[in-house]
Amino acid sequence: MKPGSGPPWGITAFHSALDPAGTQAVHTASLWWLFFWVCTAVFVAVLFAIGLALIRGRSRNTPPDRKPDEASEHRRTLAVLGAIGATVAILFGLLIADFLVGRGIDSTGAPPDAQPLAIDLTGHQWWWEIRYRDPIPANLVRTANEIHLPVGRTVRLTLDSVDVIHSLWIPNLSGKRDLVPGHPVETWLHPDREGIFRGPCAEFCGLQHANMTLVVVVESQAAFDAWLANARRPAVEPTDALARQGRDLFLARTCVLCHAISGTPAFGAVGPDLTHFGGRAMFGAAFANTPDRLAEWIADPAQFKPGVLMPATPLDEDERRALAAYLESLK
Ligand code: CUA
């Protein structure tokens, strides 16, 4: 299979700011609709006024040098003053609406939550590192590119970057927020509808900026708890021979220099944590996670993502298949 053939995304969900599924997105979508309808009304009113002026000007047929009488001059002055007053009132109203929405989506607008979920989100060229904080170090979960959130809970995000400026944008949940290296910022999310949403990186960050997608899975509290409990477990031991061969290859080759798989001696922290790799919809922050595709990726990641830091791994085809089988078994 050639890179790029077949569906490019592991998920079919399409992102839309006009399909809000979170508190902030509801605010911004309502602001958008307010602007849309007010501007539409103004546009129609202006067209109507121009049409009226054209029709009147033609039907009256007055000589151009005739001076208007005092009464019609007064009417025109009133009409112009009225239009100026309406313009100022409309712009001022939109400014207030904009201000109120700004208040609603900043840090003070977060719905109170006794135990907000705390997550660190770090941008890398070109993938997302996700860490679920926990007071007990053993419960800390490190994963990549796919973030799971419980519906109806406030999520406190700490955004940071290790290289260049990236931007978090999950249009269905919230607006954009930059991830600036060395300047961690706090932000929040409050998903109020279950679903799978896309979060494309929204700040040009190099060659593969377009291939830096965050998958956001908003699920029930019970489903989230089950996911988190599984994410905390070390990787499962492979049962079939092919996957076992893949694990031995993983630990013997260069993979361990960059990747970690908890429960094994692999502790690399440069690339994404692969402990539950097989459970993710996508890999490489862009591609559907299938064994065939993964084997191709391992052979030459730059074929998929020119500029990617991960080097090609010299393995024969059987070895690549074994490695892919092992990684896909890590649910
Ligand atoms: Cu990261 Cu654009």
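Heads up: the sequence shown begins at 70 in the working numbering, then just goes up one per residue.
We put the CB at the ideal spot given by N, CA and C, even for glycine.
Just so we're clear, the structure is a prediction, and the values are computed from it rather than from any experiment.
- Annotation for residue 273 indicates a beta carbon within 7 Å of some heavy atom of the ligand CUA.
- Per DSSP, the continuous alpha helix (DSSP H) segment holding residue 123 begins and ends at 92-129.
- Membership of residue 266 in the beta strand (DSSP E) is indicated by the continuous run 264-269.
- DSSP, reduced to helix, strand and coil, places residue 177 within a helical segment of the structure shown.
- Spanning the alpha carbons of residue 252 and residue 230 requires a straight line of approximately 8 Å.
- Our two residues, residue 126 and residue 147, have alpha carbons roughly 19 Å apart in a direct line.
- For residue 303, the closest C-alpha among the options 368, 114, 163 and 344 is that of 344.
- In the DSSP assignment, residue 387 falls within the unbroken alpha helix (DSSP H) covering 386-398.
- Spanning the alpha carbons of residue 307 and residue 227 requires a straight line of approximately 35 Å.
- Contact annotation, residue 200 with residue 211: C-beta distance approximately 5 Å; criterion of less than 8 Å satisfied.
- For residue 368, the closest alpha carbon among the candidates 137, 389 and 318 is that of 389.
- Set against 7 Å, the gap from the CB of residue 281 to the closest heavy atom of the ligand CUA is smaller.
- With fewer than 16 neighbouring CB atoms inside 10 Å of its own CB, residue 208 falls in the exposed class.
- For residue 247, the enclosing beta strand (DSSP E) has its first and last residue at 246-248.
- When distances are taken from the beta-carbon of residue 270 to the heavy atoms of the ligand CUA, the shortest one is below 7 Å.
- In terms of CA proximity to residue 318, 392 leads the group 354, 392 and 287.
- The three-state secondary structure of residue 86, taken from DSSP, is coil.
- Look at residue 254 here: in three-state DSSP terms it is strand.
- Residue pairing by DSSP puts residue 188 in a beta bridge opposite 201 and 226.
- For the set 294, 305, 216 and 271, the Cα lying nearest the Cα of residue 264 is the one of 216.
- When only Cα atoms are considered, residue 182 and residue 222 end up about 7 Å apart.
- According to the DSSP assignment, residue 216 belongs to the beta strand (DSSP E) that extends over 215-219.
- With a cutoff of 8 Å on beta-carbon distance, residue 353 and residue 374 are scored as near each other.
- Pairing residue 276 with residue 350, the inter-Cα distance amounts to about 23 Å.
- Per DSSP, the beta bridge partners of residue 288 are 219.
- Membership of residue 276 in any beta strand (DSSP E) is not indicated, and neither H nor E is assigned to it by DSSP.
- Distance check between residue 247 and each of 355, 269, 153 and 241 places 269 closest, using alpha-carbon atoms only.
- Distances between the C-beta of residue 195 and the heavy atoms of the ligand CUA include at least one below 7 Å.
- The residues 241, in chain order, have a CB closer than 7 Å to that of residue 88 in the same chain once the five nearest residues on each side in sequence are set aside.
- For residue 332, the closest alpha carbon among the candidates 197, 399 and 165 is that of 399.
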